[in-house]
Amino acid sequence: MNKLVILNLGKGDLNRGFPSVNAQLFEDSNPIGFQLTGSLPASPELIELNKRWQLLYKLIYESFYPSPCWRGSGSEIDEEIEIEADDITNVSFIEFSHLCHELQLELNSWLKSEPFRKIDQKLRTRLAPTEEIRVILQTEDDCIRRLPWHLWNFLEDYPHAVICLGATDYEPVKRFVKRANQNIRILAILGNSQGIDTQKDRLILEQLPGAETVFLVEPSRRELDRWLWEQEGWDILFFAGHSSTQEDGEIGKFYINQSESLTIAQLKNALRAAIKQGLHLAIFNSCEGLGLLCQLASLHIPQMIVMREPVPDLVAQEFLKHFLFAFSRGESFYLAAREAGERLQGLESEFPCASWLPAICQNPAEQSLVWFQKANNISPISHSILPTRRHWSAIFTTAITVTVGIIGMRSLGVFQSWELQTFDLLMRSRPQEQPDPRLLIVTITEADVRSQPPQERGGASLSDRSLDQLITKLEQFKPRVIGLDIYREIAVKKEYPKLANWMKNSDRFIAICKAGENNLNLGVPSPPEVPIQNLGFSDVVPDPDGILRRHLLAMAPASPCKTDKSFNFQLASRYLADDGIKPKLTSDKNWRIGDIIFKNLDSNSGGYQGIDNLGHQILINWRSSDSVARKVTLTDVLNNKLTQDLVKDRIVLIGTTAESFHDYRDTPYSARYWPHQQMSGVVVQAHLVSQILSAVLDDRPLLWVWPKSLEFLWIGFWSLTGGILAWCNRSLGRWGIAIVTGVSLLSGLCLGLLILGGWVPLVPSALALVMTSGCLLAYRLHSQNF
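Right, here's the structure in full:
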């Protein structure tokens with residue numbers, strides 16, 4: 001139950017006392033038969049204490065916090081004051097603390113005077129500590145308005161009570177018909193900001209849920225007047241900038257830009273019209289607002305919040321943040337204001353008496369503004385957390401429409417290039433892995449090529465003599481398999497019968513050939529000495545952009561290369577055979593090695609649309625390592641720099657890295673997208689061998705994709721998420737932050753899934769999120785009813 005206490009001090013002042021004090025108690029705005037009269041004695045001591053407090057407050061702030069950080073007019077302290085600012089020391093902070101305590105004691109002593117005590121006691125008998133209580137103090141005395149009424153002991157005993165200032169003359173506002181718009185409409189004036197940061201006030205307002213805010217930055221008087229007259233009306237008028245009050249406390253002015261200041265009287269007609277159109281609350285987050293309060297209260301505005309004294313920039317911003325955070329999430333106006341004021345106490349080690357500054361003014365004939373409870377009496381909690389049924393309908397309809405459109409465009413290959421480039425980016429972003437210890441790469445470098453006589457090489461990168469020496473040195477360390485990734489179309493010279501016999505009879509040697517393309521005789525035949533079971537084709541399947549992302553395990557034989565298995569597949573199979581693991585074809589034509597099934601790619605797998613998926617193709621899960629395996633050069637081997645631990649029981653791949661032979665491939669790690677160079681053919685083959693071995697022996701994941709139905713649900717989920725973000729974030733600033741956060745979260749999830757082996761749609765999902773959110777945001781901005 002809400003209670004209202006109107007405490008009218010009547011005529012008088014602190015020098016003469018208040019001979020007739022009247023207290024009335026209301027319940028939900030209805031009188032409940034309680035009315036008492038009493039009096040308050042004169043208290044010149046309270047006048048002096050309050051003046052001393054104001055003086056020392058200003059001197060402390062002037063000395064330790066330069067005036068540009070204040071939201072005042074920049075006027076100097078009265079020259080008649082005899083205390084010099086230079087006298088302010090640490091001792092003065094102690095003196096100020098004592099003065100604050102003395103002022104609190106004197107205020108409560110005055111309110112405990114015998115003529116007033118019966119009012120206090122009667123109030124306590126009729127009020128419960130759990131009730132929300134508004135105490136409206138009506139007085140015409142400026143000194144009374146400036147007292148720290150929040151220190152009244154009565155408020156300590158009633159944690160849900162708030163004391164407000166009020167005009168002695170008041171009446172309800174005769175309003176025009178209320179609009180149907182449920183959003184809180186705020187007219188925010190960011191006035192003269194010289195020396196202060198009003199942009200922080202703006203950011204706080206932009207983050208409010210369920211609010212539509214129009215910002216006027218240093219407007220002219222004409223512009224401000226025009227906006228106040230707007231027919232749709234405003235709920236809240238907000239001002240941040242500099243303001244001041246005349247010495248008598250009756251007239252205040254606020255600085256709307258760097259050359260103009262206004263009083264309330266100069267906007268009286270426009271403000272009266274705004275109040276009739278629904279203006280409920282005015283917040284002047286600036287210095288010395290009591291003069292503004294007095295003037296605006298005479299127009300019968302329902303509520304106001306001002307600062308009693310000069311206020312530091314940070315204090316004003318913190319109060320605004322805490323008040324609006326609580327108020328916009330369903331807290332009552334009064335409790336939100338009390339909580340925000342009390343929270344300022346945490347700043348008082350830097351800003352003494354920060355919690356003393358906020359003051360509330362209330363028109364007793366008006367109800368307070370309630371966030372979200374306007375046209376349809378909607379619960380503030382349900383409205384701020386969950387969309388209504390109409391909102392959900394709009395969100396789902398938009399999300400489904402966008403999702404279907406994205407899926408349709410994706411099936412046409414519109415996003416394929418973006419998806420593949422994003423795949424490469426995620427591939428490069430994975431954590432580093434260790435090189436594969438089962439492999440050794442012997443490279444034929446440009447220096448190795450030049451070290452061999454041209455007449456011996458015959459245009460090849462490796463002569464028979466050098467190959468014979470290389471094989472002899474490798475064989476002594478007993479490798480498990482040797483793979484030669486160099487084309488040899490011509491038979492071994494008669495001078496090297498041992499090499500020819502070894503290539504013909506060794507079951508530990510795999511050589512390469514190249515299949516023809518499109519039934520054209522463009523391939524490279526196998527070495528004449530090597531039987532077909534020891535051959536593997538070197539063909540790969542680059543994507544249309546030239547990047548190698550797919551692994552061709554096997555295909556139908558093609559002239560002149562008669563083998564049906566790839567070079568890397570043969571090497572891995574021969575290595576695994578020693579462990580009793582042999583590849584087999586399953587009933588659905590997928591290769592199975594051990595417990596691992598190498599599932600063939602479909603033509604529309606993942607981000608691919610309509611690719612040539614002939615043969616047995618899988619995605620390449622590149623080993624994320626600076627080097628896939630240990631490397632040595634031909635010169636190192638011939639100079640006896642090999643050791644048994646580098647060769648024994650390993651797969652040794654022999655291939656050229658000499659640039660003059662142009663055996664290089666673009667990969668996700670190539671210079672085209674990344675500061676690495678293209679990858680040599682023998683290193684590519686090492687990656688592909690490692691992929692097979694690691695999947696079978698180390699449970700390293702092969703890359704997989706979802707069925708199209710799951711991809712549809714995934715994209716639809718992010719589309720729906722975008723719609724919810726548009727609903728929950730009512731300002732462009734917060735919407736932008738939410739979208740960036742959403743896309744970042746999506747990217748992180750896609751990266752995490754890729755590390756686990758899953759290639760899930762990122763680009764379509766991100767587009768769905770942004771497009772759905774953008775469409776709904778545009779609709780909300782166009783239609784105030786959303």
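Start counting the sequence shown at 1; every next residue gets the next number (the numbering used here).
Every residue gets a Cβ at the ideal spot worked out from N, C-alpha and C, and that includes glycine.
Is residue i helix, strand or coil when you go by DSSP?
i	result
Ile547	strand
Met555	coil
Phe154	helix
Glu309	coil
Leu614	coil
Ile596	strand
Val743	helix
Glu331	coil
Ile88	Only weak support exists for where Ile88 lies, its pLDDT of 48 falling under 50; the value from the coordinates is given anyway. Coil at Ile88, not helix or strand.
Leu591	Note on residue identity: the sequence assigns Trp, not Leu, to residue 591. Here Trp591 sits in strand by DSSP.
Cys294	helix
Gln367	coil
Pro115	helix
Arg185	strand
Phe351	coil
Ile77	Confidence at Ile77 is low in this model, with a pLDDT of 35, below 50, so the placement of that residue should be treated as unreliable; the coordinate-derived value is given next. If DSSP states are grouped into helix, strand and coil, Ile77 belongs with coil.
Cys775	helix
Gln24	strand
For residue i, which residues in the same chain have their Cβ closer than 8 Å to its Cβ, ignoring the five residues on either side in sequence?
i	result
Leu335	Glu132, His160, Val162, Ala326
Glu140	Lys11, Thr168
Asn50	Leu103, Cys143, Arg146, Leu147
Trp152	Leu107, Asn108, Leu111, Ile163
Ala778	none
Val647	Leu440, Leu474, Phe477, Lys478, Pro479
Ser332	Glu132, Ser368, Val370
Arg508	Pro479, Arg480, Val481, Ile482, Arg574
Do residue j and residue i count as a contact pair if the criterion is CB distance below 9 Å?
i	j	result
Ser355	Gln362	no
Ser466	Asn604	no
Leu746	Ser719	no
Glu632	Leu440	Before going on, a small fix: residue 632 reads as Val here, not Glu. Against a cut-off of 9 Å, the Cβ pair of Leu440 and Val632 comes out as a contact.
Ile301	Phe238	no
Ile490	Leu548	no
Ser573	Leu552	no
Gln303	Arg175	no
Gly289	Gln246	no
Ile283	Ile256	no
Ala297	Leu165	yes
Ile510	Val481	yes
Ser463	Gln452	yes
Leaving out five residues before and five after residue i in sequence, what residues of the same chain have Cβ atoms less than 7 Å from its Cβ?
i	result
Trp149	Leu137, Ile163
Cys750	Leu426, Val760, Leu762
Ser624	Arg430, Pro431, Gln432, Glu433
Ala42	Leu14, Asn15, Arg16, Gly17
Trp418	Val763
Val217	Leu190
Ile83	Unreliable placement is indicated for Ile83, whose pLDDT of 44 sits below 50; no coordinate value is reported for it.
Pro44	Leu14, Asn15
For residue i and residue j, which I take to be in contact (beta-carbon distance under 8 Å), what is that distance rounded to the nearest angstrom?
i	j	result
Leu634	Ile444	5 Å
Ile236	Asp313	The Cβ separation is near 21 Å, so there is no contact.
Ala337	Pro358	7 Å
Leu420	Asp543	6 Å
Arg630	Pro497	Not confirmed; about 32 Å, so no contact.
Phe661	Ser526	Contact flag wrong, Cβ pair sits at about 19 Å.
Gly606	Thr403	Between Thr403 and Gly606 the Cβ distance is about 18 Å, and since that is not below 8 Å, they are no contact.
Cutting at 6 Å between CB atoms, please list the residues of its own chain near residue i, excluding the five before and the five after it.
i	result
Val696	Ile593, Gly594, Ile596
Ala515	Gly523, Phe537, Asp539, Ala558, Cys561
Met679	Arg665, Thr667
Gly722	Leu769, Thr772, Ser773
Phe116	Gly38, Leu40
Cys100	none
Ala85	Residue confidence for Ala85 is low, a pLDDT of 44 falling below 50, so the modelled location carries little weight; the figure read from the coordinates is stated next. Excluding positions up to five away in sequence, the list reads Leu59, Glu62, Ser63.
*Any beta strand (DSSP E) of 3 or more consecutive residues that is wholly inside the segment 472-538*: If we require 3 residues or more, the beta strand (DSSP E) runs fully inside the segment 472-538 come out as 481-485, 509-513, 535-537.
_Ordered list of alpha helix (DSSP H) runs contained in the segment 404-457, each at least 4 residues_ = Here the runs fully enclosed are 416-428, 446-450, 454-457.
*asked:* Could you tell me which whole alpha helix (DSSP H) segments of length 4 or greater appear in the segment 193-228?
replied: As far as the segment 193-228 is concerned, its whole alpha helix (DSSP H) runs of at least 4 residues are 199-206, 221-228.
*Any chance you could list the alpha helix (DSSP H) runs of at least 4 consecutive residues sitting entirely within the segment 660-739, in chain order?*
You should have 681-698, 708-728.
*Whole beta strand (DSSP E) runs in the segment 93-143 with 3 or more residues, listed along the chain?*
132-138, all fully within the segment 93-143.
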